Each structure stands twice: as structure tokens, then as C-alpha cells.
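If you use the numbering used here, the sequence shown corresponds to residues 2 to 140, in order.
Built from N, CA and C at the ideal position, the CB exists for glycine as well.
Every value quoted in this text rests on a predicted model; they were computed, and no experiment measured them.
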Amino acid sequence: MYKKDDGLPHVMQVYGQSLANAQALPLNTSADGNEGPLKVGGAMGALELLVRVNAAIGIADTKALTVKLQHRDGADAFVDLATIYTITAAAGSGALAKGKELARFALPSTVKDEIKAVISTTDAAATGKIDILPVYLPR
Numbered sequence: 002m003y004k005k006d007d008g009l010p011h012v013m014q015v016y017g018q019s020l021a022n023a024q025a026l027p028l029n030t031s032a033d034g035n036e037g038p039l040k041v042g043g044a045m046g047a048l049e050l051l052v053r054v055n056a057a058i059g060i061a062d063t064k065a066l067t068v069k070l071q072h073r074d075g076a077d078a079f080v081d082l083a084t085i086y087t088i089t090a091a092a093g094s095g096a097l098a099k100g101k102e103l104a105r106f107a108l109p110s111t112v113k114d115e116i117k118a119v120i121s122t123t124d125a126a127a128t129g130k131i132d133i134l135p136v137y138l139p140r
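The structure is reproduced here in C-alpha cells:
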């Protein structure tokens, strides 16, 4: 896989959409992805989500980073679908390099019409940015 001008590996995105694009990590709180929600109800299991580091991440030891996926139908409230990535840093494990793939999550056939990402940290000094991108599953 080749790298783009920004140094990140190229990903074949769905119509260039994302749930989070170069989103700065929230500081000791939660935040919805800075893009989305996305309508995926008719995807019939053809998509997965890729979570990757857009700019080097720093999470202090004993602090956590979590990425959840929520879904809904129509105007209903969003409800949790899955936790797609979580780490509680220890012994420096919260230092994550730009371009590192953190997780892939295939959307189940039972996914509701719309999805959104929720990113949270317990670190008031968290640094870095992440992307959450829908990509096609090979068939």
C-alpha cells in the first residue's frame, strides 16, 4: 500500500466519507466524531470501519482511550453498537505512531440506518488525532 503526501497509508474510502477525520482527541471527556453520522443501513455487510492514528497519539500511563460505535434508525436516539478500540496505557503503551492501524470493525448485517463514532479519553493532557474511515470489504 502506498503512502499519500501526508504520510498516511492510502485507504479506498467509501465516497471519501468518514466518521472522524484528523480529529483531535478529547481531553478527559467524550466527543462525537467530527464527521458523520453516516447512512449505512443498505450496505449489506459490505463495509468495515478502520480506526487509525492520523497524528502521533500520547496517552499517559493509567489513562484510557476508547472508540465506540453507535447506531440508530430514523430520529431515534443513538445506542451503542460496539466498542471498536480501547487501550489503558501502561509502561508507555499510550504512545502510538502516525499511520498505526488501531482497529478494524466489520459492520454487522443488523446495523441500523445511521452510525456515528464516539471517542473518549480519561487523559486531560491527551495528544494526537485519529481517523475513523468506512472502507469496502473485499468480496
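For GLU49, the enclosing beta strand (DSSP E) begins and ends at 48-59.
Residue range 65-73 is occupied by the beta strand (DSSP E) that includes GLN71. PRO135 carries a strand assignment under DSSP once its states are collapsed to helix, strand and coil. Relative to the Cα of ARG105, the nearest Cα in the group GLU49, THR30, ASP132 and GLN24 belongs to GLU49. The Cβ-Cβ distance between LEU28 and ILE58 does not fall below 7 angstroms. Between ILE133 and LEU26, the C-beta gap is not smaller than 7 angstroms, which leaves the two residues out of contact.
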